[in-house]
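**Q** Here the sequence shown is numbered in UniProt numbering, starting from 76 and rising by one per residue. Glycine included, each C-beta is placed from N, C-alpha and C at the ideal position. Sharing a structure, written as C-alpha cells. Questions coming.
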Amino acid sequence: MLQEQEARAAEMERTFIAIKPDGVQRGLIAEIISRFERKGFKLVAIKIVVPSKGFAQKHYYDLKERPFFNGLCNFLSSGPAVAMVWEGEGVIKYGRKLIGATDPQKSEPGTIRGDLAVVVGRNIIHGSDGPETAKDEINLWLKPEELTSYSNNAEKWIYGVN
Ligand code: GDP
Ligand code: MG
C-alpha cells in the first residue's frame with residue numbers, strides 16, 4: 076500500500092493557472108475554479124494580485140517579439156488576476172485541455188475558452204504549457220510559503236488507492 080502511495084505521489088504534477096483580468100471582471104472566478112475542482116484536481120495555492128507591467132512582461136517573455144506583446148502585457152496588468160497552482164496526475168496537459176485552444180473561436184465547446192470567451196485577446200485564462208514552464212511560472216508568481224501540500228479524503232476515490 077505504501078509503495079502504491081509513493082508511486083502515486085511521484086506521478087503528481089503541479090501547474091500554474093491564472094484567471095486573467097477579463098475573467099475576474101466578468102465574474103467567472105468560481106466557474107473556472109469549479110471546473111478544475113470537479114475534475115478532481117487539487118488547489119494548492121491561490122491569491123488575487125494586480126501584476127505590474129514589468130511582471131507581465133516577465134510572465135510573457137517568450138512572446139516578446141510578437142506584435143501583440145505590448146497590448147497583452149498592458150492587459151494582464153490592467154486589473155486583478157487570480158493566480159493558482161493546481162495539483163494532480165497529468166494536470167499540466169489536461170489543464171490545457173480544460174482551458175481549450177488559445178483562440179476561443181477554435182476552442183471546442185465544453186472547454187473554458189470555448190464556453191466562456193470569444194476573442195484571442197480576451198481569452199480569460201492562462202495555463203502552463205509544459206513541465207518546465209509550469210515550474211518557472213509557479214516560481215515567478217508564488218513564494219514557496221504560499222504553496223501548500225495536503226491530502227484530502229476524496230483522493231482515494233479519485234485515484235482508487237486504498
Ligand atoms: P496560451 O498558452 O494558449 O495562452 O497562448 P500563447 O502562449 O500562445 O499566448 C499567450 C496569450 O497571448 C494568449 O492567451 C492570448 O491572450 C494572447 N495571444 C496569443 N496570440 C494572440 C494573437 O494573435 N493576438 C492577440 N491579440 N493576442 C494573442
Ligand atoms: Mg502560453
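On the DSSP letters alone, give me the boundaries of the alpha helix (DSSP H) that Glu-230 sits inside.
**A** Residue numbering aside, residue 230 sits at position 155 when the sequence shown is read from its first letter. 230 to 234 is the extent of the alpha helix (DSSP H) around Glu-230.
**Q** Buried or exposed for Ala-105, going by 16 or more other Cβ atoms inside 10 Å?
**A** Here residue 105 corresponds to residue number 30 of the sequence shown, with the count starting at 1. So Ala-105 ends up on the exposed side.
**Q** Run through the DSSP bridge pairs and tell me what Leu-118 is partnered with.
**A** One-based indexing of the sequence shown puts residue 118 at position 43. Paired residue(s): Trp-161.
**Q** Hey, Ala-120 and Val-160 are a contact pair by Cβ (cut 8 Å); roughly how many whole angstroms apart?
**A** Within the sequence shown, the letter at position 45 stands for residue 120. Within the sequence shown, the letter at position 85 stands for residue 160. Yes, Ala-120 and Val-160 are in contact; Cβ-Cβ is about 4 Å, under 8 Å.
**Q** Please list the segments of the beta strand (DSSP E) lying wholly inside the region 86 to 110, counting only runs of 3 or more residues, in order along the chain.
**A** Entirely contained in the region 86 to 110, the beta strand (DSSP E) runs reaching 3 residues are, in chain order, 87 to 94.
**Q** Is the beta carbon of Lys-133 less than 8 Å from the beta carbon of Ser-152?
**A** Walking along the sequence shown from the start, residue 133 turns up at place 58. Walking along the sequence shown from the start, residue 152 turns up at place 77. Contact flag unset, no.
**Q** Any contact between the region 193 to 210 and the region 96 to 116? By contact I mean 3 or more CB pairs, one from each, below 8 Å.
**A** At 8 Å Cβ cutoff, the stretches touch.
**Q** Between the region 135 to 147 and the region 173 to 190, do three or more beta carbon pairs fall short of 8 Å?
**A** No: the two stretches stay apart, fewer than three of their Cβ pairs being nearer than 8 Å.
**Q** Could you check what DSSP says for Gly-202 in three-state terms: helix, strand or coil?
**A** Position 127 of the sequence shown, counting from 1, holds the residue named residue 202. Residue state, collapsed to three classes: strand.
**Q** Give me the Cβ distance between Ala-230 and Gly-165, rounded to the nearest whole Å; I'm assuming they're in contact under 8 Å.
**A** Numbered from 1 along the sequence shown, position 155 holds the residue referred to as residue 230. Numbered from 1 along the sequence shown, position 90 holds the residue referred to as residue 165. Note on residue identity: the sequence assigns Glu, not Ala, to residue 230. The Cβ separation is near 15 Å, so there is no contact.
**Q** Could you check whether the Cβ of Asp-204 sits closer than 7 Å to any heavy atom belonging to ligand 2?
**A** As a working note, residue 204 is residue 129 in the sequence shown. Under cutoff, so the answer is yes.
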